[in-house]
Amino acid sequence: EHFKKKSDHSASSNGTKSRSLVPKNASTKFIIVFFVMLACMMLVVNLAMLQPLEHALGLQPSSSSQKQQQQQQEQQKHVSRMTEEEGREHIKSIFKDADVELTAEMMDELPTWEQIQTIVGDGPRIYGLDRCQAFQDSVPPIERMLGSAGMFNTGTNLVTHLLKRNCEIPERRAKYGEGATKEQYGMRWQVPWGKHTPAKFRLQHHTEKASAIKKEYLM
Numbered sequence: 001e002h003f004k005k006k007s008d009h010s011a012s013s014n015g016t017k018s019r020s021l022v023p024k025n026a027s028t029k030f031i032i033v034f035f036v037m038l039a040c041m042m043l044v045v046n047l048a049m050l051q052p053l054e055h056a057l058g059l060q061p062s063s064s065s066q067k068q069q070q071q072q073q074e075q076q077k078h079v080s081r082m083t084e085e086e087g088r089e090h091i092k093s094i095f096k097d098a099d100v101e102l103t104a105e106m107m108d109e110l111p112t113w114e115q116i117q118t119i120v121g122d123g124p125r126i127y128g129l130d131r132c133q134a135f136q137d138s139v140p141p142i143e144r145m146l147g148s149a150g151m152f153n154t155g156t157n158l159v160t161h162l163l164k165r166n167c168e169i170p171e172r173r174a175k176y177g178e179g180a181t182k183e184q185y186g187m188r189w190q191v192p193w194g195k196h197t198p199a200k201f202r203l204q205h206h207t208e209k210a211s212a213i214k215k216e217y218l219m
């Protein structure tokens with residue numbers, strides 16, 4: 001309700017239609033800032049979260065993704081060294097990729113690259129890595145699993161996508177062979193107690209299809 005689309009006559013040169021966001025009230029500023037922050041946070045998670053998890057949990061990255069991860073690491077270094085002008089162009093490219101055209105007024109409302117870096121940082125904070133060795137020592141490799149959990153709108157679907165695309169438990173691949181599902185390789189789309197269920201119910205609750213899973217076998 002805060003936005004209206006440009007006329008169908010304003011198609012871009014390649015034949016596709018772009019969308020123009022027109023501020024209607026004060027809440028538009030919040031929406032713009034939130035969108036930028038969320039997009040940048042997802043970029044940071046995408047680029048930086050997988051390597052620490054793989055190292056700590058003994059996960060094996062898919063061979064086809066190793067080159068891609070190297071490229072992502074180089075991109076992360078480049079993003080962290082961006083100047084204010086380069087950062088602003090990077091923000092604009094995020095909107096462009098989403099097929100959104102910013103007005104001059106909206107450009108003035110965008111946060112600075114320094115503000116984004118201050119809030120988002122140059123990498124994710126991963127807690128609990130000190131408990132990974134205990135997990136490896138107590139859980140048989142063939143039984144190990146990972147799954148995402150968290151509040152709504154915190155990137156759980158993105159985390160699941162990244163885990164399934166980049167990670168697997170080697171012992172589970174050896175058991176199930178080529179062509180098995182990502183779930184069989186140990187990457188679940190959610191934790192057994194429910195993706196958005198508060199963590200305090202971890203051992204007291206389970207989803208309908210995960211009642212037989214030992215919750216201690218999943219990180």
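Residue 106 in the UniProt record's numbering sits at position 106 of the sequence shown, and the numbers go up by one each step. Note that CB positions come from ideal geometry on N, CA and C, so glycine has one too. The structure displayed is predicted, hence computed values, not measured ones.
Counting C-beta atoms within 10 angstroms of its own C-beta, I126 has fewer than 16 neighbours from the protein chains shown and is therefore classed as exposed. When DSSP reads this structure, M145 sits in a beta bridge with L218. Beta-bridge partners assigned by DSSP to M187: L146. Between K164 and K182, the CB-CB gap stays under 7 angstroms. P192 places its beta carbon less than 7 angstroms from that of K215. With the rule of 3 Cβ pairs closer than 8 angstroms, the segment 145-159 does not count as touching the segment 112-122. The C-beta of S138 has fewer than 16 other C-beta atoms within 10 Å across all chains shown, which makes the residue exposed. Around the beta carbon of E86, a 10 Å sphere encloses fewer than 16 other beta carbons of the protein chains shown; the residue is thus reported as exposed.
Contact annotation: M219 and L162 have beta-carbon atoms that are not nearer than 7 angstroms. For V120, the enclosing alpha helix (DSSP H) stretches over residues W113 to V120.
Setting aside the 5 residues that flank it on each side, G194 is surrounded in the same chain by T207, each with a C-beta closer than 6 angstroms to its C-beta; the list follows chain order.
Beyond the five residues adjoining it in sequence on each side, R172 comes within less than 7 angstroms, by CB distance, of I142, Q184, Y185 and G186 in the same chain, given in chain order. If you look at C167, you'll find it isn't in any alpha helix (DSSP H); DSSP assigns it neither H nor E. Where F201 is concerned, there is no enclosing alpha helix (DSSP H), because DSSP gives it neither an H nor an E. In the three-state reduction of the DSSP assignment, T156 falls in the helix class, which pools H, G and I. DSSP places L162 in the helix class (H, G or I) of the three-state scheme.
Linking I94 to A212 through their CA atoms gives a straight-line distance of about 43 angstroms. The beta carbon of T112 is closer than 7 angstroms to those of E84 in its chain, skipping five residues each way along the sequence. Rounded to the nearest angstrom, the Cβ distance from M151 to H196 is 7 angstroms, consistent with a contact under 8 angstroms. Using a 10 angstroms sphere on the CB of N166, the tally of other CB atoms reaches 16 or more, which defines it as buried.
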